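Numbering (the numbering used here), first residue to last: 1 to 92. We put the beta carbon where it would ideally sit given N, CA and C, even for glycine. Here the structure is a predicted model, which means the values were calculated and not measured.
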């Protein structure tokens, strides 16, 4: 977990990038992209589970009721945390 944060603190750009593409903005954009991909997998799993059980998504499984909360809070928290971590981590 920690090694991924250190590799992602500049959005996977080198710290000495001449065009200055790295930094907190790049880290936040990478976090946003990573989170959207993870949520898509979560939604696909919920849809497949509901399809196999012949039910609506969100009924019958208590954790599926939390999907809207996961999306809203998780997106904000992951993006802000990655940007904050990037802005306070010293570049070596």
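Is it buried or exposed, residue i, if we count other Cβ atoms within 10 angstroms and call 16 or more buried?
i	result
residue 86	buried
residue 82	buried
residue 64	buried
residue 30	buried
residue 26	buried
Shortest alpha-carbon distance to residue i belongs to which of the options?
i	options	result
residue 77	65, 46, 28	28
residue 70	52, 89, 43	43
residue 94	73, 84, 89	Here the chain covers residues 1 to 92 and nothing more, so residue 94 does not appear.
residue 80	55, 17, 32, 56	32
With DSSP as the reference, label residue i as helix, strand or coil.
i	result
residue 56	coil
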